[in-house]
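Visitor: So that we are looking at the same thing, I have put the structure below in structure tokens.
Here it is in structure tokens:
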């Protein structure tokens, strides 16, 4: 069975600085998708970034980028130029390539200090 | 921008009562899901629905739960005989060909 692990329950970053959130996963499949979701205090789940396992290039969305290491089964999220609005719970998630369910990690609570 | 809509945003119910949580997925999406998040915990998969039938369900999704797509647009989760431990945030999600799931804003269920 696939699992997703986020080993950092809490992280803190100074406004305008860079922070990296860690995620590891376990799967026997070779083709799959990985996601980072943001959950602010409103508890809405907002997609931040997506990575297809067959792509070697790391995904980037504005200030958000990932470091995808397929052999190591690692999928970290880097937030550059952190803003106060980035403060939220961040969840890493895995999905197989057949439109299946998302498997979430435990989440990392990110706080941003002014 | 299309979005997944859930109603109600907050539901309070007495233990033992039945509740129906409603969702309107994005119109051209094919896969529909319900997830649950107990306060302070991770998001857990309950059930997936494709081609008008359940495609997968978790061990949480027992006989107390059922899903339905009654009219081609709504997607409902029914919880029979609610228990205190059913108190949680329930999220509906849908995805299309790109396989990235879009979530509704959630329904906060409180069982008293």
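Residue numbers (our numbering), protein chains in the order written: chain A, 1104 to 1217; chain B, 4 to 115.
Ideal Cβ placement from N, Cα and C applies to all residues, glycine included.
#1: In this structure, how does DSSP classify residue 65 of chain B when only helix, strand and coil are distinguished?
#2: Curious, which full-length beta strand (DSSP E) runs of at least 3 residues does the segment 1110-1143 of chain A contain?
#3: Would you please state the rounded distance, in angstroms, between the beta carbons of residue 78 of chain B and residue 95 of chain B? I believe it to be under 8 angstroms.
#4: What do you get for residue 1140 of chain A, buried or exposed, if any count of 16 or more other CB atoms within 10 angstroms of its CB means buried?
#5: Quick one: which residues of the segment 1161-1184 of chain A get their C-beta closer than 9 angstroms to a C-beta of chain E? List them in chain order.
#6: Are there 16 or more other CB atoms within 10 angstroms of the CB of residue 85 of chain B, so buried, or fewer, so exposed?
#7: Taking C-beta pairs closer than 8 angstroms, name the residues in chain B that residue 1148 of chain A reaches, listed in chain order.
#8: Looking only at C-alpha atoms, which of B:43, B:72 and B:115 sits nearest to residue 1 of chain B?
#9: Counting only C-beta atoms, is residue 62 of chain B closer than 7 angstroms to chain A at any point?
#10: Just reading off the beta strand (DSSP E) that residue 57 of chain B is part of, what are its end residues?
#11: Please determine if the segment 98-114 of chain B and the segment 1146-1160 of chain A are in contact, where contact requires at least 3 C-beta pairs separated by less than 8 angstroms.
#12: Strictly below 9 angstroms CB to CB, what residues from chain A border residue 103 of chain B?
#13: Where does residue 1157 of chain A land, buried or exposed, given buried means 16+ other C-beta within 10 angstroms?
#14: Thinking just about the alpha-carbon of each residue, which of A:1151, A:1201 and A:1132 is nearest to the one in residue 1174 of chain A?
#15: Helix or strand or just coil, what does DSSP make of residue 49 of chain B?
#16: If I follow the unbroken beta strand (DSSP E) through residue 1191 of chain A, where does it start and stop?
#17: Let's test the definition: count the other Cβ atoms within 10 Å of the Cβ of residue 24 of chain B and tell me whether it reaches 16, buried, or not, exposed.
#18: With DSSP run on the structure shown, which of helix, strand or coil describes residue 88 of chain B?
#19: Rounded C-beta distance between residue 29 of chain B and residue 5 of chain B? I'm assuming under 8 angstroms.
#20: Distance check for residue 1114 of chain A and residue 1182 of chain A, CA to CA, integer angstroms please.
#21: Would you verify that the beta carbon of residue 1210 of chain A is, or is not, closer than 7 angstroms to some beta carbon of chain B?
#22: Restricting to Cα atoms, I'd like to know which of A:1216, A:1205, A:1110 and A:1191 is closest to residue 1179 of chain A.
Guide: In terms of the structure at hand:
#1: The count along the second chain starts at 1 and reaches residue 65 of chain B at position 62. Residue 65 of chain B: coil per DSSP, three-state reduction.
#2: As far as the segment 1110-1143 of chain A is concerned, its whole beta strand (DSSP E) runs of at least 3 residues are 1113-1117, 1122-1124, 1127-1129 and 1135-1142.
#3: What you label residue 78 of chain B is simply residue 75 of the second chain in a count that begins at 1. What you label residue 95 of chain B is simply residue 92 of the second chain in a count that begins at 1. The distance from the Cβ of residue 78 of chain B to that of residue 95 of chain B is about 6 angstroms, consistent with a contact at the 8 angstroms cut-off.
#4: Here the question's residue 1140 of chain A lines up with position 37 in the first chain. So residue 1140 of chain A counts as buried.
#5: Here the protein chains are A and B, and chain E is not one of them.
#6: Your numbering for residue 85 of chain B matches position 82 in the second chain. Buried.
#7: To locate residue 1148 of chain A, count along the first chain from 1; it is residue 45. Contact of residue 1148 of chain A with chain B by beta-carbon distance below 8 angstroms involves 46, 94, 96, 106 and 109.
#8: Any property of residue 1 of chain B remains undetermined from this structure, which presents chain B solely from 4 to 115.
#9: For the purposes of this step, residue 62 of chain B is identified with residue 59 of the second chain, where counting begins at 1. By this cut-off, residue 62 of chain B is not an interface position.
#10: Sequence index remark: in the second chain, residue 57 of chain B carries index 54 (1-based). Start and end: 56-60.
#11: The segment 98-114 of chain B makes contact with the segment 1146-1160 of chain A: 3 or more CB pairs, one atom from each, lie closer than 8 angstroms.
#12: The count along the second chain starts at 1 and reaches residue 103 of chain B at position 100. By Cβ distance, chain A contributes 1136, 1138, 1150, 1153 and 1198.
#13: The sequence position of residue 1157 of chain A within the first chain is 54, counting from 1. Around the Cβ of residue 1157 of chain A, a 10 Å sphere holds fewer than 16 other Cβ atoms; the residue is exposed.
#14: Stepping through the first chain from its first residue, residue 1174 of chain A is reached at position 71. Here the closest residue by C-alpha is A:1132.
#15: Counting from one through the second chain, the residue named residue 49 of chain B turns up at place 46. Per DSSP, reduced to three states, the secondary structure at residue 49 of chain B is strand.
#16: Position 88 of the first chain, counted from the start, is the residue given in the question as residue 1191 of chain A. Looking at the DSSP string, the run of the beta strand (DSSP E) that includes residue 1191 of chain A is 1191-1199.
#17: On the second chain, residue 24 of chain B is found 21 positions in, with the first residue counted as 1. Taking all protein chains in view, the Cβ of residue 24 of chain B is crowded by 16 or more other Cβ atoms within 10 Å, so the residue is classified as buried.
#18: To locate residue 88 of chain B, count along the second chain from 1; it is residue 85. Here residue 88 of chain B sits in helix by DSSP.
#19: The sequence position of residue 29 of chain B within the second chain is 26, counting from 1. The sequence position of residue 5 of chain B within the second chain is 2, counting from 1. That belief holds up - the Cβ atoms of residue 29 of chain B and residue 5 of chain B are roughly 5 angstroms apart, short of 8 angstroms.
#20: Taking the first chain and counting its residues from 1, one reaches residue 1182 of chain A at position 79. Taking the first chain and counting its residues from 1, one reaches residue 1114 of chain A at position 11. A direct Cα-Cα distance of roughly 12 angstroms separates residue 1182 of chain A from residue 1114 of chain A.
#21: On the first chain, position 107 is the one that residue 1210 of chain A refers to. Taking Cβ atoms only, chain B reaches closer than 7 angstroms to residue 1210 of chain A, which makes this a yes.
#22: Along the first chain, one-based indexing puts residue 1179 of chain A at 76. In this structure, A:1110 is the residue among A:1216, A:1205, A:1110 and A:1191 with its C-alpha nearest to the C-alpha of residue 1179 of chain A.
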